[in-house]
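Trainee:
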Amino acid sequence: MPRTQTPLGLFGTEDLIGEDDRAIRDTVRAFTADRIRPHLADWFDEASIPARELARELGDLGVLGMHLQGYGCAGTTATAYGLACMELEAADSGLRSLVSVQGSLAMFAIWRWGSEEQKQEWLPRMAAGEAIGCFGLTEPDFGSNPGDMRTYARRDGEDWVLNGTKMWITNGSVADVAVVWAQTDDKIRGFVVPTDTPGFSAPEITKKLSLRASVTSELVLDDVRLPASAMLPEARGLSGPLSCLNEARYGIVFGALGAARDCLETAIAYTQERDIFGKPLASYQATQLKLADMSLELGKGMLLALHLGSLKDAGTLTSEQVSTGKLNNVREAIAIARECRTLLGANGISLEYPVLRHANNLESVLTYEGTSEVHQLVIGQTLTGQSAFR
Amino acid sequence: MTNIVVLVKQVPDTYSERKLNESDHTLDRESADAVIDEINERAVEEALKIKEAGEGEVTVLCVGPDRATDAIRKALSMGADKAVHVSDEALQGSDMVATAKVIAGALGKVDGYDLVIAGNEASDGRGGAIPAMLAEILGVPQLTHARELSLEGTTLKVDRETEDGVTHLEANLPAVVSVTEKINEPRYPSFKGIMAAKKKPVETLTVADLGVDAGELGLSGAAATVLEAAPKPPRAAGERVEDDGDGGTKVVEYLAGQKLI
Ligand SMILES: Cc1cc2nc3c(=O)[nH]c(=O)nc-3n(C[C@H](O)[C@H](O)[C@H](O)COP(=O)(O)OP(=O)(O)OC[C@H]3O[C@@H](n4cnc5c(N)ncnc54)[C@H](O)[C@@H]3O)c2cc1C
Ligand SMILES: Cc1cc2nc3c(=O)[nH]c(=O)nc-3n(C[C@H](O)[C@H](O)[C@H](O)COP(=O)(O)OP(=O)(O)OC[C@H]3O[C@@H](n4cnc5c(N)ncnc54)[C@H](O)[C@@H]3O)c2cc1C
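Here it is, written out as structure tokens:
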């Protein structure tokens, strides 16, 4: 009997997606199939991606900052943005990270909190992929608690002088502009730092076992002198960077499911081809139980993602709801990836198949944009009214 | 300003199973996913390049059932400006001559065309003759199988590539061109293009609007009638040669027996 249904087909999610959003998603899917997938195993193996070239191509499509309005951005729905993230991450979480950091962290920070001058200077070039951005919040000693950061911006006449170190910064070494968050005498403020400013350097972090097809860097700020106009005027306090993280997390709610879907599709195909004890692996009950359970989690996660998408498009999505989606969908995605790995046996550990690459990538996705534990605490706090962070 | 009309056909996706209707042996268009023919994406790309290099307007012309609007939308989202869609029950089962007449009739509804760009061969019908038939009906030059095309003023230059080699062709507009797979790599529609496509004008016409005699169209108007169609027989198992030291000789004997060497 031929296959008649896909995991998401069981949930009929296709009917929940509008025509334009579908066309946008299909374009991203075609783009990744033609331009990305053939190279992924090598990029991951060699821990290098042609970030500049990719940024241009993604810019031509309209992916970068796609859900922002104006300044050369495409201005799509939030749902379309989520679906694009899903297709990008179905290819590789590293590719989705490049896009999330560019659009939801760096561009969003400038778009939401920047001056008109900053927007005009950076957003059109960033939307086109001519300029790459990064977002420096985390420090070597402060990750889940960025409010305690040590990077400091000192006033010197009209100028600002920045000193400090940022860690684990996606796109850092390839960026033209860094949005850097620093303590000041008046709360935490954001700064738009051209990466050719004297005193700025961004050495790449190597020896990663996850997100290898993504550039991760340290940012070193050594007496980086900036004009007064470099500060983001509208952001004051931790709510500035947190608002950006909320945007990127929203993309991950969809993105993680893309990685899971790719693993599950691979496993379904593989178990049909692989004969064990004289019959296909797919024909064993133990296999089918695994496939059925994984499909349920994938589908439930997709329904949640699409629902959060509608809420975001309606303008009513709250940050706890984004935490809920991020916690559930990343946790289930990594569980699916690992389970699929078992079905592929030894082939599961090879770069000939995408599953362990996805599972390893999802380790980073589990940690960045708020660890799973942090999101549990966010949800716990909203349920009980008690903060358990410290 | 160059007015370019691109002929776009919606075809069954080559990845899906393609079937014929049992009753009249025409293509069962409902059974498979329908997409814009890839060669026509290349035709659209070529038109857009000409437009972007100078001035021009790109009109998409499609003869096909109602759901061909998806193929039209794709061409518009790539950047074409407007579309003409001929849709009529009477067209069901039309042959190539009839299709060419309908396309010629529809071109009469586009105000002033300079250049018509088609694919060299559709992936379903594979007739590969519509562009030539159309040029004949219109009485304009045909420059088919173009692997490269350039336009200087109103002079069109084409490198025509066939099994016989490459020929350099030159003609004055208006003209009909058909392109091969080598002509270009079509762009992906941009997100802005996708969102703008819905707002672009699509004129829908029926056979009655074209001044074409409906009696010449459809299955009954076709010059040939299909009496019978059968799926091609499954491939036979082939012959196995055991190598007892004389395997090479046996293979040569077999090939010689088949008159292959
Ligand atoms: C590949 C990659 C790319 C990244 N890109 C960026 C980037 O572009 N920009 C950027 O600013 N940052 C980036 N990060 C950093 C990321 O956001 C941080 O790693 C993350 O916030 C966690 O911080 P940490 O690593 O310091 O872990 P820690 O905060 O030290 O956490 C360690 C453990 O303690 C747990 N924990 C923390 N707080 C509590 C608590 N209150 N109660 C109980 N348990 C707790 C955590 O859940 C975790 O399990 C990136 C990270 C990676 C891996
Ligand atoms: C409404 C309609 C219903 C039909 N129904 C059936 C059917 O039920 N069963 C069946 O077997 N055949 C059907 N035909 C198909 C028809 O007989 C041939 O496919 C058609 O005449 C074109 O031949 P071809 O595809 O071989 O063209 P080719 O000469 O191979 O095509 C070359 C190029 O001509 C252009 N072109 C071709 N056809 C069209 C078109 N329709 N619109 C715009 N541009 C075009 C394209 O640019 C194409 O790349 C139908 C055709 C139409 C228009």
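In order, the protein sequence lines correspond to chains A and B. Just so it is clear: in the first sequence, position 92 is 92 by the UniProt record's numbering, and no numbers are missing. Just so it is clear: in the second sequence, position 239 is 239 by the UniProt record's numbering, and no numbers are missing. Where a beta carbon is used, it is the ideal one built from N, C-alpha and C, also for glycine.
Using a threshold of 6 angstroms, is the CB atom of W168 (chain A) nearer than that to any non-hydrogen atom of ligand 1?
Mentor: By 1-based counting over the first sequence, the position of residue 168 (chain A) is 168. Yes, ligand 1 has a heavy atom inside 6 angstroms of this Cβ.
Trainee: Measure the C-alpha to C-alpha separation of I205 (chain A) and Q272 (chain A) and round it to an integer number of angstroms.
Mentor: Counting from 1 along the first sequence, the entry for residue 205 (chain A) is found at position 205. Counting from 1 along the first sequence, the entry for residue 272 (chain A) is found at position 272. So the alpha carbons of these two residues sit roughly 40 angstroms apart.
Trainee: Taking the C-alpha atoms as reference points, what is the distance between Q381 (chain A) and V177 (chain A)?
Mentor: Position 381 of the first sequence, counting from 1, holds the residue named residue 381 (chain A). Position 177 of the first sequence, counting from 1, holds the residue named residue 177 (chain A). Cα to Cα, Q381 (chain A) sits roughly 36 angstroms from V177 (chain A).
Trainee: So which of A:L377, A:M231, A:Y250, A:C263 has the shortest CA-CA distance to G114 (chain A)?
Mentor: Reading the first sequence from its first residue, position 114 is the one you call residue 114 (chain A). Among A:L377, A:M231, A:Y250, A:C263, the Cα nearest to that of G114 (chain A) is on A:M231.
Trainee: When burial is assigned at 16 or more other CB atoms within 10 Å of the CB, is P189 (chain B) buried or exposed?
Mentor: By 1-based counting over the second sequence, the position of residue 189 (chain B) is 189. Looking at its Cβ environment, which holds 16 or more other Cβ atoms inside 10 Å, P189 (chain B) is buried.
Trainee: Figure out for me which residue from A:D196, A:K207, A:Q386, A:E121 has the closest Cα to the Cα of L219 (chain A).
Mentor: As a position in the first sequence, residue 219 (chain A) is number 219, starting the count at 1. Taking only the C-alpha atoms, the option nearest L219 (chain A) is A:D196.
Trainee: Between the segment 115-133 of chain A and the segment 31-38 of chain A, do at least 3 Cβ pairs fall closer than 8 angstroms?
Mentor: Because the criterion of three Cβ pairs below 8 angstroms is not met, the segment 115-133 of chain A and the segment 31-38 of chain A do not touch.
Trainee: Under the DSSP definition of a beta bridge, which residues are partnered with L61 (chain B)?
Mentor: Here residue 61 (chain B) refers to the residue found at position 61 when the second sequence is read from its first residue. The partner list for L61 (chain B) (beta bridge, DSSP) reads B:L7, B:V84.
Trainee: Only counting the same chain, and skipping five residues up and downstream in sequence, which positions put a Cβ closer than 6 angstroms to that of E89 (chain A)?
Mentor: Mapped onto the first sequence, residue 89 (chain A) falls at position 89. So the qualifying residues of the chain are R96, G255, G258, A259.
Trainee: Do I183 (chain B) and R240 (chain B) count as a contact pair if the criterion is CB distance below 7 angstroms?
Mentor: Against the second sequence, residue 240 (chain B) aligns to sequence position 240. Against the second sequence, residue 183 (chain B) aligns to sequence position 183. Contact flag unset, no.
Trainee: Could one say the Cβ of I194 (chain B) lies closer than 7 angstroms to chain A's Cβ atoms, at least one of them?
Mentor: Here residue 194 (chain B) is taken as the residue at index 194 of the second sequence, counted from 1. Yes, its Cβ sits closer than 7 angstroms to a Cβ of chain A.
Trainee: Which residue's Cα is closest to the Cα of G108 (chain B): B:H145, B:E45, B:L61, B:R67?
Mentor: What you label residue 108 (chain B) is simply residue 108 of the second sequence in a count that begins at 1. That would be B:L61, whose Cα lies nearest to the Cα of G108 (chain B).
Trainee: Against P201 (chain B), what residues of chain A qualify as contacts under a CB-to-CB distance less than 7 angstroms, listed in chain order?
Mentor: Here residue 201 (chain B) corresponds to residue number 201 of the second sequence, with the count starting at 1. By Cβ distance, chain A contributes nothing, its closest Cβ being about 18 angstroms from P201 (chain B), past 7 angstroms.
Trainee: Buried or exposed: where does D213 (chain B) fall if 16 or more other Cβ atoms within 10 Å of its Cβ makes it buried?
Mentor: The count along the second sequence starts at 1 and reaches residue 213 (chain B) at position 213. Classification for D213 (chain B): exposed.
Trainee: Leaving aside the five residues before and after I36 (chain B) along the sequence, list all residues of the same chain whose C-beta is less than 7 angstroms from its C-beta, in chain order.
Mentor: Taking the first residue of the second sequence as position 1, residue 36 (chain B) is located at position 36. So the list reads V8, Q10, A71, K74, A75, once near-sequence residues are dropped.
Trainee: If you draw a straight line from the alpha carbon of I188 (chain A) to that of L221 (chain A), how long is it in whole angstroms?
Mentor: Residue 188 (chain A) sits at position 188 when you count from the first residue of the first sequence. Residue 221 (chain A) sits at position 221 when you count from the first residue of the first sequence. Cα-Cα distance, rounded: 16 angstroms.
Trainee: Given a cut-off of 7 angstroms, decide if I276 (chain A) and S323 (chain A) are closer than it, judged by their beta-carbon atoms.
Mentor: If you number the first sequence from 1, residue 323 (chain A) lands on position 323. If you number the first sequence from 1, residue 276 (chain A) lands on position 276. Not a contact, by the Cβ cut-off of 7 angstroms.
Trainee: Step through the CB atoms of chain A and report whether any lies within less than 7 angstroms of the CB of P231 (chain B).
Mentor: Along the second sequence, one-based indexing puts residue 231 (chain B) at 231. P231 (chain B) does not count as touching chain A.
Trainee: Report yes or no: do the segment 293-306 of chain A and the segment 65-73 of chain A share at least 3 C-beta pairs separated by less than 8 angstroms?
Mentor: With the cut-off at 8 angstroms, the segment 293-306 of chain A and the segment 65-73 of chain A do not touch.
Trainee: Pull out every residue of the segment 49-70 of chain A whose Cβ sits closer than 8 angstroms to any Cβ of chain B, in chain order.
Mentor: Flagged, chain order: D60, L61, G62, V63, M66.
Trainee: For chain A, find out if any of its Cβ atoms is closer than 7 angstroms to the Cβ of S190 (chain B); answer yes or no.
Mentor: Residue mapping note: residue 190 (chain B) aligns to position 190 of the second sequence, counting from 1. It does; some Cβ of chain A falls within 7 angstroms.
Trainee: For a test of your reading of the model: does the CB of G105 (chain B) fall under 6 angstroms from any non-hydrogen atom of ligand 1? Yes or no.
Mentor: Here residue 105 (chain B) refers to the residue found at position 105 of the second sequence. Result no, Cβ not under 6 angstroms from ligand 1.
Trainee: Quick check: does the Cβ of F200 (chain A) come within less than 6 angstroms of any heavy atom belonging to ligand 1?
Mentor: The count along the first sequence starts at 1 and reaches residue 200 (chain A) at position 200. No; taking the cut-off as 6 angstroms, the Cβ of F200 (chain A) has no heavy atom of ligand 1 nearer than that.
Trainee: Kindly indicate if chain B contains any beta-carbon less than 7 angstroms away from that of F31 (chain A).
Mentor: Indexing the first sequence from 1 puts residue 31 (chain A) at position 31. Cβ-Cβ to chain B under 7 angstroms: yes for F31 (chain A).
Trainee: Could you give the C-beta distance for I4 (chain B) and N120 (chain B), rounded to a whole number, given that I count them as a contact under 8 angstroms?
Mentor: As a first step, residue 4 (chain B) must be located in the second sequence, where it is residue number 4. As a first step, residue 120 (chain B) must be located in the second sequence, where it is residue number 120. About 17 angstroms separates the two Cβ atoms, so there is no contact after all.
Trainee: Can you tell me whether Q183 (chain A) is helix, strand or coil according to DSSP?
Mentor: Counting from 1 along the first sequence, the entry for residue 183 (chain A) is found at position 183. DSSP places Q183 (chain A) in strand when its eight states are reduced to three.
Trainee: Applying the criterion that 16 or more other CB atoms from any shown protein chain within 10 Å of the CB defines a buried residue, is K290 (chain A) buried or exposed?
Mentor: On the first sequence, position 290 is the one that residue 290 (chain A) refers to. Label assigned to K290 (chain A): buried.
Trainee: In whole angstroms, give me the CA-to-CA distance for A32 (chain B) and L311 (chain A).
Mentor: For this step, residue 32 (chain B) is matched to residue 32 along the second sequence. For this step, residue 311 (chain A) is matched to residue 311 along the first sequence. C-alpha separation (whole angstroms): 35 angstroms.
Trainee: Confirm, please, whether the CB-CB distance from D15 (chain A) to T77 (chain A) is below 7 angstroms.
Mentor: As a first step, residue 77 (chain A) must be located in the first sequence, where it is residue number 77. As a first step, residue 15 (chain A) must be located in the first sequence, where it is residue number 15. In this structure, D15 (chain A) does not lie closer than 7 angstroms to T77 (chain A) by Cβ.
Trainee: Determine, using beta carbons only, whether E158 (chain A) and A228 (chain A) come nearer to each other than 7 angstroms.
Mentor: Here residue 158 (chain A) refers to the residue found at position 158 of the first sequence. Here residue 228 (chain A) refers to the residue found at position 228 of the first sequence. Yes, they are a contact pair.
Trainee: Would the beta-carbon of Y368 (chain A) be found less than 6 angstroms away from any heavy atom of ligand 1?
Mentor: Numbered from its first residue, the first sequence carries residue 368 (chain A) at position 368. Within the cutoff, so yes.
Trainee: Helix, strand or coil for residue 406 (chain A)? Go by DSSP, reduced to three states.
Mentor: As displayed, chain A neither begins before 1 nor continues past 390, which places residue 406 (chain A) out of reach and without an answer.
Trainee: Answer yes or no: does any C-beta atom of chain B fall closer than 7 angstroms to that of I24 (chain A)?
Mentor: The count along the first sequence starts at 1 and reaches residue 24 (chain A) at position 24. Closer than 7 angstroms to some Cβ of chain B, the Cβ of I24 (chain A) qualifies, so yes.
Trainee: Just how far apart, CA to CA, sit D28 (chain B) and P231 (chain B)?
Mentor: Taking the first residue of the second sequence as position 1, residue 28 (chain B) is located at position 28. Taking the first residue of the second sequence as position 1, residue 231 (chain B) is located at position 231. Approximately 14 angstroms, taken between the alpha carbons.
Trainee: In angstroms, rounded to a whole number, what distance separates the CA positions of C85 (chain A) and S214 (chain A)?
Mentor: Residue mapping note: residue 85 (chain A) aligns to position 85 of the first sequence, counting from 1. Residue mapping note: residue 214 (chain A) aligns to position 214 of the first sequence, counting from 1. Those two C-alpha atoms are separated by around 15 angstroms.
Trainee: I want to see whether chain B comes within less than 7 angstroms of D20 (chain A), judged by CB atoms only; does it?
Mentor: Residue numbering aside, residue 20 (chain A) sits at position 20 when the first sequence is read from its first letter. So, interface residue.
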